[in-house]
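Novice:
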Amino acid sequence: MIYRLDKLSESKINPVTKQAYDSSWIILMLTDSPDYRQICGSSNGCAYTIKTSRSNCQNWMMAVGDFLGFCEENEKNAVLVMSEADFKTAKNHYEGHSYKEAFLREDEPPVLIHSTPMNSWEQIRNDGMLKSWNILKSEKAVNEKQPVGISLGDPADFRDYIMFGGGITGEIVVNSRQKGEIVMDPDAEYLTGARLYFDAKRMAQDGLLVRDGCHLKVKDRLPLEPYLIWTATWKTLGFASQVSTPKIFAEQADEQFHAFLQLRNRANDLY
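Numbering (my numbering), first residue to last: 110 to 380.
1. Take Ser-224 as the anchor and find which of Thr-278, Pro-335, Gly-262, Lys-160 has the nearest alpha-carbon.
2. Measuring only the C-alpha atoms, how far is Arg-172 from Glu-215?
3. Hey, which unbroken runs of the alpha helix (DSSP H) at 4 residues or more fall wholly within the segment 265–304?
4. If you draw a straight line from the alpha carbon of Trp-343 to that of Asn-228, how long is it in whole angstroms?
5. What number of angstroms, rounded off, separates the C-alpha of Thr-140 from the C-alpha of Tyr-157?
6. Indicate, with yes or no, if the ligand GDP has a heavy atom lying under 7 Å from the CB of Cys-323.
7. Can you check DSSP and say which residues form a bridge with Gly-154?
8. Taking only runs of the alpha helix (DSSP H) that begin and end inside the segment 306–352, which ones reach a length of at least 4 residues, in chain order?
9. In terms of DSSP beta bridges, what is Lys-254 paired with?
10. Would the beta-carbon of Glu-290 fall within 8 Å of that of Ser-260?
11. Is the CB-CB distance between Gln-314 and Ala-199 below 8 Å?
12. Per DSSP, Ser-224 is paired with what?
13. I'd like to know whether the C-beta atoms of Asp-269 and Lys-328 end up nearer to each other than 8 Å.
14. Any idea what DSSP makes of Val-173, helix, strand or coil?
15. Taking the Cβ atom as the reference point for each residue, do Asn-183 and Trp-134 lie within a distance shorter than 8 Å?
16. Is Val-282 buried or exposed, if buried means 16 or more other CB atoms sit within 10 Å of its CB?
17. So what's Ala-211 in DSSP terms, helix, strand or just coil?
18. Considering only the alpha carbon of each residue, which of Lys-160, Asp-195, Lys-116, Asn-252 lies closest to Pro-143?
19. Would you kindly work out how many angstroms separate the C-alpha atoms of Gly-154 and Ala-265, rounded to a whole number?
20. Using a threshold of 8 Å, state whether the C-beta atoms of Leu-305 and Ile-222 are closer than that.
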């Protein structure tokens, strides 16, 4: 069910049911904050909340539409925190679109990044694909009782998806998995894994991309071929050892990836 509220106080009590939230609930809150484009997570026991700033997110109406489509098709209980006028504006703007439409939108990144520990990368290469946490758990390929993202309030259905993140986000996840707790320090030493760069345009055209109002993700499985463009490891980056920091590893990997793309484009121009 979809519910709309003019305002919401973030707490553990659901204003719709008057009881504590359960894992079936998710919230999208429209704000005018100048401090972010979109942020997400859970605070004060509230359900997982996507905060979208109308000031900084030009396509907030598309985000609202994707959120609605994703929640309706997946039978999630969703709360939209916005005025009735904004709700109608978003629905009218979104008409004719789908959260799974098979093309990459102009404001979406052409490359999606997924980071994984080194031992997981070895298994991924053997399988020839990325798999969601739930698939890996069913195959007894992970020993964790639950993903590290649960500590951040991630919804249970995140386990059905392969998630992506730019900047240092993926490296923070890898480090946190190693430590068994959330470690947000970009300068904390950790054992680097593999940073994978995927062709988002091709993934979208093949109908793999799912939009939930904040994330681009893939359900269940993502084959490496033909979507993987390049992989960064401590060896391919020329590091002296596997030990680095999320900041250094991510920055060096992105720099060398862009250099790789430039060389590839020049070669394509020649032929």
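The beta-carbon is built from N, C-alpha and C at its ideal position, and this holds for glycine as well. Because the structure is a prediction, the values reported are computed rather than measured.
Specialist: For this structure:
1. Thr-278
2. In the sequence as displayed, the identity of residue 172 is Ala instead of Arg. Spanning the two alpha carbons is a distance of roughly 14 Å.
3. 278–288
4. Spanning the two alpha carbons is a distance of roughly 13 Å.
5. Looking at the two C-alpha atoms, the distance is approximately 16 Å.
6. Annotation note on the ligand GDP: not contained in the displayed structure, which lists no ligands.
7. According to DSSP, Gly-154 bridges with nothing at all.
8. 309–314
9. In the DSSP output, where bridge partners are listed per residue, Lys-254 has none listed.
10. yes
11. no
12. Arg-304
13. Taking 8 Å as the Cβ cut-off, Asp-269 and Lys-328 qualify as a contacting pair.
14. helix
15. no
16. buried
17. In the structure shown, Ala-211 sits in coil (DSSP, three-state: anything other than H, G, I, E or B).
18. That would be Lys-160, whose Cα lies nearest to the Cα of Pro-143.
19. 15 Å
20. Contact: yes.
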